[in-house]
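Chemist:
Number of protein chains: 2
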Amino acid sequence: MKYLEDFQAGQVFRFRTAPMSKESIMGFAREWDPQQLHLDEEYATKIHGGLIASGFQTLLEVFKPIMTEMMTTMANIGGMGFDNFRWLKPVHPDEPLDVELIVNAITPSRSKPDRGILQYTIEARNPDGELVFTTQSMAMMKRKPALSEPGPTS
Amino acid sequence: MKYLEDFQAGQVFRFRTAPMSKESIMGFAREWDPQQLHLDEEYATKIHGGLIASGFQTLLEVFKPIMTEMMTTMANIGGMGFDNFRWLKPVHPDEPLDVELIVNAITPSRSKPDRGILQYTIEARNPDGELVFTTQSMAMMKRKPALSEPGPTS
């Protein structure tokens, strides 16, 4: 299990998303985001040159490898939110995205000695190297148990 | 179809989410966000007093009625992103959320006369009236066709 102290500013973790097929884009859209942009290829082509994925699906696909490969081994108390969350370019079918998670800061809590905040930036690029999605995020994590207990001299 | 000019600052639109069952929370988590907080009731109870939904699922459930009931009738070019996106409190099983979408501003584009930006705030409250999720968001929308075409005197 990884704790807050196991991370440091400047670390970069790399992931790759599973590309979304047309069927997957339309299926997701029917359930969560039934806009024509994600369901009607002719309409979407006029505006964006082709069918585009729901931004919600792009978000989930970007985070899926992060959650599955990384967060499940972290002492995570909970995600806190996002800042400067931007869908910069449409994501089309069959485009895998290269994702970087860059650690910006780890900040122990002042009021609760058992926890602290991990701040990080996400950048997702399409096969042409274009940045299609970026955000900053924060997760509340546990500190190493030994460090949050009173030491022998305290 | 609603265009940018059909909205004005101060408008409030209200929605209600479908409550998430334990099964739905675990099913979503297995696909997208397999953290113990969303899959292991005993573990989650120690930290949060019970199983909690993935924040990604809360986001999707909050936006589902907005996308389905509102955005599908809007001339939406695409969502742009979020600012100050915060999961403020955990969401537990079987809690429907009351959602308000508050229009903050509509801003016609200076460079592209056929479009503009709709800015809005989302607030989602649990059955106890506690704010559990909030964000600001922006969508790029089309302007009314008549207003973006040259007039007879131009």
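First to last, the sequence lines map onto chains A and B.
Take 3 as the starting number for the first sequence in the numbering used here and just add one per residue.
Take 3 as the starting number for the second sequence in the numbering used here and just add one per residue.
Beta carbons: idealized from backbone N, C-alpha and C, even for Gly.
At a CB-CB cut-off below 9 Å, which residues of chain B make contact with residue 66(A)?
Modeler: Going along chain B in sequence order, the residues near residue 66(A) (Cβ under 9 Å) are 33, 34 and 35.
Chemist: Can you find a C-beta in chain A that's less than 8 Å from the C-beta of residue 142(B)?
Modeler: So, not an interface residue.
Chemist: Out of curiosity, what's the CA-to-CA distance linking residue 13(A) and residue 146(A)?
Modeler: About 19 Å.
Chemist: Measuring straight from C-alpha to C-alpha, what distance separates residue 30(A) and residue 116(A)?
Modeler: If you take the alpha carbons of residue 30(A) and residue 116(A), they lie about 39 Å apart.
Chemist: Our contact map puts residue 24(A) next to residue 53(A) with C-beta atoms below 8 Å; I'd like the distance itself, whole angstroms only.
Modeler: Indeed they touch by this definition, with Cβ atoms about 6 Å apart.
Chemist: Could you tell me whether the Cβ atoms of residue 140(A) and residue 78(A) are closer together than 8 Å?
Modeler: It is not a contact, given that the beta carbons lie outside the stated cut-off.
Chemist: Any chance you could list the beta strand (DSSP E) runs of at least 3 consecutive residues sitting entirely within the segment 69–93 of chain A, in chain order?
Modeler: Whole beta strand (DSSP E) segments, 3+ residues: 78–89.
Chemist: Could you spell out the range, first to last residue, of the alpha helix (DSSP H) harbouring residue 26(A)?
Modeler: 24–34 is the span of the alpha helix (DSSP H), which, as asked, contains residue 26(A).
Chemist: Considering only their Cβ atoms, is the gap separating residue 9(B) from residue 105(B) smaller than 8 Å?
Modeler: Contact flag set, yes.
Chemist: Let me know the secondary structure DSSP gives residue 123(B) once reduced to three states.
Modeler: Strand at residue 123(B).
Chemist: With DSSP collapsed to three states, give me the class of residue 103(B).
Modeler: It is a strand residue.
Chemist: Residues of chain A with a CB under 9 Å from the CB of residue 109(B): which are they?
Modeler: Within chain A, no residue comes near residue 109(B); the closest Cβ sits about 17 Å away, beyond 9 Å.
Chemist: Checking contacts by CB at 8 Å: is residue 74(B) closer than that to chain A?
Modeler: Interface residue, yes.
Chemist: Check this for me: beta carbons of residue 19(B) and residue 36(A), under 8 Å apart or not?
Modeler: Cβ atoms of residue 19(B) and residue 36(A): not closer than 8 Å.
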